[in-house]
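Participant: In the working numbering, the protein residues as written are 7 to 603. Note that the Cβ used here is the ideal one computed from N, Cα and C, for glycine as well. Just dropping this structure here.
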């Protein structure tokens with residue numbers, strides 16, 4: 007069958023952002039939150055194991071409110087991504103944000119009460135039949151409450167964040183939505199959204215790549231003071247909260263959220279830092295192939311051969327399904343369902359948000375995937391990546407809602423694993439030497455993104471927060487910090503950098519996730535180990551893989567790696583093995599291109 011490039015959201019609420027069904031649903035969410043609030047208000051702190059049933063009942067009420075709230079938020083987010091001019095959806099997003107803050111306050115009160123349970127009573131509660139399966143999450147709640155302020159203070163922070171903290175993030179979305187740039191493509195000047203113009207970074211024509219980059223850079227510069235103000239206030243809010251809690255490191259929250267130790271993070275960056283030389287060599291060779299001495303930022307995604315072909319959406323989808331099927335029947339059949347049931351928004355049109363994502367609709371046990379497909383192999387890989395996210399949610403279907411809250415690092419593992427299946431298959435299926443070079447280079451681009459681009463983001467954000475402690479950081483200083491981070495992370499391989507990258511990258515402005523960078527690199531290298539194990543074990547590994555995915559929300563990443571891979575990820579040696587696999591791609595690329603000369 008022919009797969010639609012436009013997703014189906016009417017299956018959830020008919021009529022888009024003006025849907026009467028959605029209005030009824032949102033009113034129902036408010037009622038459900040009130041029910042949870044009233045139940046928690048009268049909930050007495052347990053004093054014996056006999057009260058485990060009461061805790062279990064409250065968890066079910068919390069689940070009901072949470073999945074309904076998440077369903078509404080996800081669908082409204084999809085409306086806005088597909089049409090950034092949807093003002094009604096923007097208002098609804100604000101309403102969901104308010105409901106989310108109310109729910110967060112209610113949840114905090116529940117967690118605070120559980121934190122006050124006597125240790126001996128707690129141990130017996132955790133051993134009870136009703137609560138034993140929630141052991142990890144409930145203990146995590148208690149530990150996090152101990153790190154935070156009082157219930158009253160944390161509730162105040164949450165309430166103030168709606169029109170303070172989160173509204174700054176929403177302002178960023180509006181600022182970006184208003185940006186349009188005029189770029190000449192195929193002899194015609196076109197007015198493009200940020201997302202459309204960004205897609206031109208992989209154009210075969212150097213003039214188009216350079217023009218779109220410079221036009222976007224001008225657009226970011228024109229509004230840099232707005233973006234700088236937004237970023238400063240987001241960081242200022244976070245730092246103020248951290249100071250009140252007595253947290254001295256800006257990494258404390260992201261590490262807690264990712265269930266990761268600082269030793270693991272340092273080991274990962276250490277292994278990458280020690281092995282960047284091959285990637286610098288690759289960038290230098292690529293620059294020469296493109297006719298320049300050193301690499302320009304706008305050429306990072308440029309194709310290096312003329313054999314780069316446009317892959318129609320249907321063909322890209324069938325390629326993904328074929329190679330997913332070679333890994334496992336569950337991944338293939340699930341992804342086929344996603345294509346057939348119109349879970350994917352891929353159409354290349356104006357007014358779409360830049361980038362791509364996968365979001366879950368927990369009430370419906372479905373996901374939706376957003377991207378802009380323009381026919382490159384990179385687009386096919388992105389599509390596979392987002393399907394990997396959706397498959398992760400699918401694998402968790404048998405698991406209780408409370409045990410599905412996996413962290414971002416392991417979230418990126420499933421997506422990158424799926425992307426890797428397709429990238430490897432593409433290289434192997436290459437019919438000519440030129441095509442193999444092009445596809446191999448597409449794989450290496452991802453390594454460069456995770457080892458250099460993401461590293462630059464991490465360096466920038468770490469240094470920005472250190473300076474922000476002492477006051478507002480100017481737009482000019484942000485440009486300097488960004489360029490310094492890029493030149494360091496890319497090992498001095500760059501000629502032209504991207505100083506306004508801090509303004510262009512949505513990830514810096516997402517309020518729900520601090521340090522939205524290093525988990526990508528974690529997921530990439532972690533998935534390499536899983537992929538190596540899959541190749542080693544062959545048929546039948548899919549079942550073990552799904553078992554790993556089902557454990558992603560009930561243990562730390564260190565425990566997950568030890569249980570399913572038998573690896574200690576606090577040591578550089580683990581990460582160096584993954585980097586070495588990527589270096590092999592570079593070596594093969596350099597060998598093939600050297601023979602070309």
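Starting from residue 68 and walking both ways along the beta strand (DSSP E), at which residues does that stretch end?
Facilitator: As a working note, residue 68 is residue 62 in the chain shown. Segment 58 to 88 is the alpha helix (DSSP H) holding residue 68; no beta strand (DSSP E) there.
Participant: So is residue 413 in contact with chain D if we call contact Cβ pairs under 8 Å?
Facilitator: Looking for chain D here will not work: only one protein chain is present.
Participant: For residue 618, count neighbouring C-beta atoms within 10 Å of its own C-beta (all shown protein chains included) and say buried if the count is 16 or more, exposed if not.
Facilitator: Outside the modelled stretch of the chain, which goes from 7 to 603, sits residue 618, for which no answer is possible.
Participant: With C-beta atoms as the reference, is residue 23 less than 8 Å away from residue 95?
Facilitator: The residue labelled residue 23 in the question sits at position 17 within the chain shown. The residue labelled residue 95 in the question sits at position 89 within the chain shown. Yes, they are a contact pair.
Participant: Is it buried or exposed, residue 99, if we count other Cβ atoms within 10 angstroms and call 16 or more buried?
Facilitator: The sequence position of residue 99 within the chain shown is 93, counting from 1. Per the 10 Å Cβ criterion, buried.
Participant: Can you list, in chain order, the residues of its chain with a C-beta nearer than 7 Å to that of residue 494? Leave out the 5 residues immediately preceding and following it.
Facilitator: Looking up residue 494 in the chain shown gives position 488. The residues are 465.
Participant: Here's a check: name, in chain order, each residue in its chain whose Cβ is nearer than 6 Å to the Cβ of residue 216, leaving out the five neighbours to either side.
Facilitator: On the chain shown, position 210 is the one that residue 216 refers to. These residues qualify, in order along the chain: 304.
Participant: Secondary structure at residue 402, three-state DSSP: helix, strand or coil?
Facilitator: Residue 402 sits at position 396 when you count from the first residue of the chain shown. Residue 402 falls in the coil class under three-state DSSP.
Participant: Per DSSP, what kind of secondary structure is residue 367 in: helix, strand or coil?
Facilitator: Here the question's residue 367 lines up with position 361 in the chain shown. Note: residue 367 maps to strand in three-state DSSP.
Participant: Could you check where the alpha helix (DSSP H) with residue 325 kicks off and where it finishes?
Facilitator: Translated into the one-based positions of the chain shown, residue 325 becomes position 319. Where residue 325 is concerned, the enclosing alpha helix (DSSP H) stretches over 319 to 333.
Participant: Using DSSP bridges, identify the partner residues of residue 374.
Facilitator: Position 368 of the chain shown, counting from 1, holds the residue named residue 374. Answer by DSSP bridge pairing, in chain order: 365.
Participant: Shortest alpha-carbon distance to residue 522 belongs to which of 555, 421 and 414?
Facilitator: Taking the chain shown and counting its residues from 1, the one referred to as residue 522 is at position 516. The candidate whose alpha carbon is nearest that of residue 522 is 414.
Participant: State the Cα-Cα distance for the pair residue 603 and residue 537, rounded to the nearest angstrom.
Facilitator: Translated into the one-based positions of the chain shown, residue 603 becomes position 597. Translated into the one-based positions of the chain shown, residue 537 becomes position 531. Low per-residue confidence applies at residue 603: pLDDT is 42, beneath 50, and the placement is therefore not dependable, though the value from the model is reported in the following sentence. In a straight line, the C-alpha of residue 603 is about 34 Å away from that of residue 537.
Participant: Could you compute how far the alpha carbon of residue 306 sits from the alpha carbon of residue 451?
Facilitator: The residue given as residue 306 occupies position 300 in the chain shown. The residue given as residue 451 occupies position 445 in the chain shown. When rounded, the distance between both Cα atoms is 8 Å.
Participant: If you scan the stretch 151 to 193 from start to end, which runs of the beta strand (DSSP E) of 3 or more residues do you find wholly inside it?
Facilitator: Qualifying beta strand (DSSP E) stretches, in chain order: 186 to 191.
Participant: Please name the residue, chosen from 571, 503, 558 and 565, that lies closest to residue 220 on a Cα-to-Cα basis.
Facilitator: Counting from 1 along the chain shown, the entry for residue 220 is found at position 214. Nearest of 571, 503, 558 and 565 to residue 220, Cα basis: 503.
Participant: For residue 292, which residues of its own chain have a beta-carbon under 7 Å away from its beta-carbon, when the five flanking residues on both sides are left out?
Facilitator: Translated into positions along the chain shown, residue 292 becomes position 286. Cβ within range, chain order: 301 and 310.
Participant: Which residue marks the beginning of the alpha helix (DSSP H) containing residue 493, and which one marks its end?
Facilitator: Position 487 of the chain shown, counted from the first residue, corresponds to residue 493. Looking at the DSSP string, the run of the alpha helix (DSSP H) that includes residue 493 is 481 to 495.
Participant: Can you check which of these residues, 92, 29, 150 and 126, is closest to residue 262 by C-alpha distance?
Facilitator: For the purposes of this step, residue 262 is taken as the residue at position 256 of the chain shown. It is 150 whose Cα lies nearest to the Cα of residue 262.
Participant: Is DSSP giving residue 25 helix, strand or coil here?
Facilitator: Sequence index remark: in the chain shown, residue 25 carries index 19 (1-based). It is coil, neither helix nor strand.
Participant: Please look up how many angstroms separate the CB atoms of residue 175 and residue 515, rounded, as I've assumed it's under 8 Å.
Facilitator: Numbered from 1 along the chain shown, position 169 holds the residue referred to as residue 175. Numbered from 1 along the chain shown, position 509 holds the residue referred to as residue 515. Yes, they are in contact, since the Cβ atoms of residue 175 and residue 515 sit about 5 Å apart, within 8 Å.
Participant: Could you check the C-alpha separation between residue 228 and residue 510 for me, to the nearest Å?
Facilitator: Residue numbering aside, residue 228 sits at position 222 when the chain shown is read from its first letter. Residue numbering aside, residue 510 sits at position 504 when the chain shown is read from its first letter. Their backbone Cα atoms lie some 12 Å apart in a straight line.
Participant: Which one or two residues does DSSP pair with residue 198 in a beta bridge?
Facilitator: The residue labelled residue 198 in the question sits at position 192 within the chain shown. BP columns for residue 198 point to 187.
Participant: Should residue 422 go down as buried or exposed, given a rule of 16 or more other Cβ atoms within 10 Å for buried?
Facilitator: Locating residue 422 in the chain shown gives position 416, counting from the first residue. The residue is buried, with at least 16 neighbouring Cβ atoms inside 10 Å.
Participant: Determine which residues share a DSSP beta bridge with residue 426 and list them.
Facilitator: Indexing the chain shown from 1 puts residue 426 at position 420. Beta-bridge pairing links residue 426 to no other residue.
Participant: Do you know how far the Cα of residue 407 is from the Cα of residue 74?
Facilitator: Residue 74 sits at position 68 when you count from the first residue of the chain shown. Residue 407 sits at position 401 when you count from the first residue of the chain shown. Answer to the nearest angstrom: the Cα atoms are 12 Å apart.
Participant: Measuring straight from C-alpha to C-alpha, what distance separates residue 393 and residue 272?
Facilitator: The count along the chain shown starts at 1 and reaches residue 393 at position 387. The count along the chain shown starts at 1 and reaches residue 272 at position 266. Their backbone Cα atoms lie some 30 Å apart in a straight line.
Participant: Using only CA atoms, which one of 288, 492, 551 and 457 lies nearest to residue 527?
Facilitator: Within the chain shown, residue 527 is the residue found at index 521, counting from 1. Ranking the options by Cα distance to residue 527, first place goes to 457.
Participant: Would you decide whether residue 47 is buried or exposed? Buried here means 16 or more other CB atoms lie within 10 Å of its CB.
Facilitator: Counting from 1 along the chain shown, the entry for residue 47 is found at position 41. It counts as exposed.
Participant: Could you check whether the stretch 243 to 251 touches the stretch 152 to 165, counting it as contact only if at least three pairs of C-beta atoms, one from each stretch, sit closer than 8 Å?
Facilitator: Yes, since at least three Cβ pairs between the stretch 243 to 251 and the stretch 152 to 165 fall closer than 8 Å, the two stretches touch.
Participant: Helix, strand or coil, according to DSSP, for residue 11 in the structure here?
Facilitator: Your numbering for residue 11 matches position 5 in the chain shown. Coil, per DSSP.
Participant: Is the distance from the Cβ of residue 595 to the Cβ of residue 443 below 8 Å?
Facilitator: Reading the chain shown from its first residue, position 589 is the one you call residue 595. Reading the chain shown from its first residue, position 437 is the one you call residue 443. Against a cut-off of 8 Å, the Cβ pair of residue 443 and residue 595 comes out as a contact.
Participant: Within 10 Å of its beta-carbon, does residue 597 have 16 or more other beta-carbons around it, so buried, or fewer, so exposed?
Facilitator: Along the chain shown, read from residue 1 onward, the residue named residue 597 stands at position 591. Residue 597 is exposed by the Cβ-count criterion.
Participant: Classify residue 576: buried if its beta carbon has 16 or more other beta carbons within 10 angstroms, exposed otherwise.
Facilitator: Taking the chain shown and counting its residues from 1, one reaches residue 576 at position 570. So residue 576 ends up on the buried side.
Participant: Report back the beta-carbon spacing between residue 570 and residue 554 to the nearest angstrom; my notes put them in contact at under 8 Å.
Facilitator: For the purposes of this step, residue 570 is taken as residue 564 along the chain shown, with counting starting at 1. For the purposes of this step, residue 554 is taken as residue 548 along the chain shown, with counting starting at 1. 4 Å between Cβ atoms; contact.
Participant: DSSP three-state label for residue 350, please.
Facilitator: Translated into the one-based positions of the chain shown, residue 350 becomes position 344. Note: residue 350 maps to strand in three-state DSSP.
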